[in-house]
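Visitor: Pasting a structure below so you can have a look.
Number of protein chains: 2
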Amino acid sequence: MIPPAETLPKDSSAPKKGVRQTEQRKAVFEALMAKADHPNAVDVFMRVKSRMPSISLATVYNCLETLTNAGLVRTVNHDREPSRYCANLTEHAHLFCTNCNSITDLPLQNPMLPEQVWNLPPGITIARQEVAFQGLCAQCSTPDPASGSAPSAPLS
Amino acid sequence: MIPPAETLPKDSSAPKKGVRQTEQRKAVFEALMAKADHPNAVDVFMRVKSRMPSISLATVYNCLETLTNAGLVRTVNHDREPSRYCANLTEHAHLFCTNCNSITDLPLQNPMLPEQVWNLPPGITIARQEVAFQGLCAQCSTPDPASGSAPSAPLS
DNA sequence: TCCTTATCAAGAATTATTCCAATTAAGGGA
DNA sequence: TCCCTTAATTGGAATAATTCTTGATAAGGA
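Residue numbers (this note's numbering), protein chains in the order written: chain A, 1 to 156; chain B, 1 to 156.
Right under this line is the structure:
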């Protein structure tokens, strides 16, 4: 369920009455909530389409943008790969696994201001911070011996 | 001048003899060294073309990729904007100014270890860390009163 | 219920980047 | 120095993620 409009963050560019609740938006949002695996737009499209066959990819893009603008969804970009989406709104960093291409959310230990963590030059204004790691997720770091194989070659 | 091959980081996928020194690669590298303003591929193309009119955009892309693979250049991505390039190899974060679209390098003089700031689950392997901020650069944070105007509207 | 207006769907368009094939040139060896 | 092998360069075509366009549809307030 998409949170009601009154609870949404407001800004001058947002529609006065909040996000209009359409079946498509609900389905897209629920698809993101159902599996927190950072799907891209096509992934979301396929998941939603299995339940709502008439939905179009353009609509999925529209819904994802609307939800992102409303602050309900985060867009996650890595290099020039297709954007991926995440309904985890808590402050967290991302680990991009170079082996299996997964994204892991890494929660912040204790809320800290950027100025406390980084040695920032004076005079700048920081609105948002984004931290990304590259490496191996837990699964790829310690492959299951029973599976009989080392991590496969990284996706290039 | 591109550093000689012997000084380049080596890895199994790199050509044995290092990076072949072509006029185009030198020109692209020098364009990046000349102005540390994080140009994108088309910016670099235009700068180099003014001096070497025969160069093609495809070659600029090739050179940028070669230099990046050789570890001489860093690729900087922000959302889905065109990739930008940076010859500053010191460890630093980036500030993306939402007003003037500039990128500022922020040296991380006392970077905290990821484990101190992030709640890292056991078993993962971290190879690289990337920190990005969004906000206002020093110029846009404190506009020159003589210029007679507040920061203009952010590029959408 | 009706009306206004935002949203949807399908396909076309856009754009950053990569691919392709023919030509050119780097740089090691004779 | 000249030659030869091999990789790099070019220009144009191709690709792919995303956005745009237009007419049809539906949300939600009156």
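Every residue gets a Cβ at the ideal spot worked out from N, C-alpha and C, and that includes glycine.
Between residue 70/A and chain B, is any beta-carbon pair separated by less than 9 Å?
Guide: Judged by the 9 Å Cβ criterion, residue 70/A is not in contact with chain B.
Visitor: Curious, which full-length beta strand (DSSP E) runs of at least 3 residues does the segment 122 to 146 of chain A contain?
Guide: Runs found: 125 to 136.
Visitor: With a cut-off of 9 Å, does the C-beta of residue 114/A fall near any C-beta of chain B?
Guide: Yes, because at least one Cβ of chain B sits closer than 9 Å to the Cβ of residue 114/A.
Visitor: Look at the alpha carbon of residue 134/B and the alpha carbon of residue 94/B, and state the distance between them as a whole number of angstroms.
Guide: In a straight line, the C-alpha of residue 134/B is about 8 Å away from that of residue 94/B.
Visitor: Distance cutoff 9 Å, beta carbons only. Does residue 130/B sit that close to anything in chain A?
Guide: Yes, residue 130/B lies at the interface with chain A (some Cβ there is under 9 Å from its Cβ).
Visitor: Considering only the alpha carbon of each residue, which of 49/A, 125/A, 30/A and 48/A lies closest to residue 72/A?
Guide: Residue 30/A is the option with its Cα nearest to residue 72/A.
Visitor: Give, in chain order, every unbroken run of the beta strand (DSSP E) that is at least 3 residues long and sits entirely within the segment 10 to 55 of chain B.
Guide: Counting only runs of 3 or more, we get nothing.
Visitor: Looking at residue 64/B: is its Cβ nearer than 9 Å to the Cβ of residue 19/B?
Guide: Contact flag unset, no.
Visitor: Output the boundary residues of the alpha helix (DSSP H) element that contains residue 93/B.
Guide: Looking at the DSSP string, residue 93/B is not in any alpha helix (DSSP H); the run it does join, the beta strand (DSSP E), is 92 to 97.
Visitor: Counting contacts by CB-CB distance shorter than 9 Å, is residue 138/B in contact with chain A?
Guide: At least one chain A Cβ lies under 9 Å of residue 138/B.
Visitor: Do you know how far the Cα of residue 120/B is from the Cα of residue 46/B?
Guide: Looking at the two C-alpha atoms, the distance is approximately 44 Å.
Visitor: Are the beta-carbon atoms of residue 131/B and residue 127/A separated by less than 9 Å?
Guide: Against a cut-off of 9 Å, the Cβ pair of residue 127/A and residue 131/B comes out as no contact.
Visitor: Report yes if the CB atom of residue 141/A is closer than 9 Å to the CB atom of residue 123/B, and no otherwise.
Guide: Yes, they are a contact pair.
Visitor: Using the three-state DSSP reduction, which class does residue 63/A fall into: helix, strand or coil?
Guide: Correct three-state label for residue 63/A: helix.
Visitor: Mind checking the segment 19 to 52 of chain B against chain A and listing, in chain order, the residues whose C-beta falls within less than 8 Å of any C-beta there?
Guide: If the cut-off is 8 Å between Cβ atoms, the segment 19 to 52 of chain B has nothing near chain A.
Visitor: Thinking C-beta only, is residue 102/B closer than 9 Å to residue 137/B?
Guide: Closer than 9 Å, so yes.
Visitor: Are the C-beta atoms of residue 141/B and some chain A residue less than 9 Å apart?
Guide: Yes, residue 141/B lies at the interface with chain A (some Cβ there is under 9 Å from its Cβ).
Visitor: If you count every other CB in all the chains shown that lies within 10 Å of the CB of residue 100/A, and 16 or more means buried, which is it?
Guide: Residue 100/A is exposed by the Cβ-count criterion.
Visitor: How would you call residue 41/B, buried or exposed, if buried means at least 16 neighbouring beta carbons within 10 angstroms?
Guide: Under this definition residue 41/B is a buried residue.
Visitor: Relative to the C-alpha of residue 118/A, which candidate in 25/B, 107/B, 37/B and 139/B has its C-alpha closest?
Guide: Comparing Cα-Cα distances from residue 118/A to each of 25/B, 107/B, 37/B and 139/B, the minimum goes to 107/B.
Visitor: Less than 9 Å between CB atoms is the rule here; does residue 14/B satisfy it with respect to chain A?
Guide: Confidence is the limiting factor: at residue 14/B the pLDDT is only 34, short of 50, which leaves the residue's position unreliable, though a coordinate-based value still follows. False, the Cβ-Cβ gap to chain A never drops below 9 Å.
Visitor: Can you pull the chain B neighbours of residue 80/A, defined as C-beta to C-beta under 7 Å?
Guide: The contacting residues are 77 and 83.
Visitor: Just to confirm, is the Cβ distance from residue 21/B to residue 48/B under 9 Å?
Guide: No, they are not a contact pair.
Visitor: Counting only beta-carbon atoms, is residue 58/A nearer than 9 Å to chain B?
Guide: Not an interface residue.
Visitor: Can you pull the chain A residues whose beta carbon is under 9 Å from the beta carbon of residue 127/B, in chain order?
Guide: 98, 133, 134, 135 and 136, listed in chain order.
Visitor: Take residue 105/B and list the residues in its own chain whose beta-carbon comes closer than 7 Å to its own, dropping the five residues that flank it on each side.
Guide: If we look at residue 105/B and ignore the five residues flanking it on each side, its Cβ neighbours are 88, 92 and 94.
Visitor: Please work out which residues of its chain come closer than 8 Å, Cβ to Cβ, to residue 33/A, disregarding the five sequence neighbours upstream and downstream, and give them in chain order.
Guide: Around residue 33/A: 87.
Visitor: Is residue 106/A helix, strand or coil when you go by DSSP?
Guide: Strand.
Visitor: Leaving out five residues on either side along the sequence, give the residues of the same chain with a beta carbon under 8 Å from the beta carbon of residue 39/B.
Guide: So the list reads 31, 32, 47, 84 and 85, once near-sequence residues are dropped.
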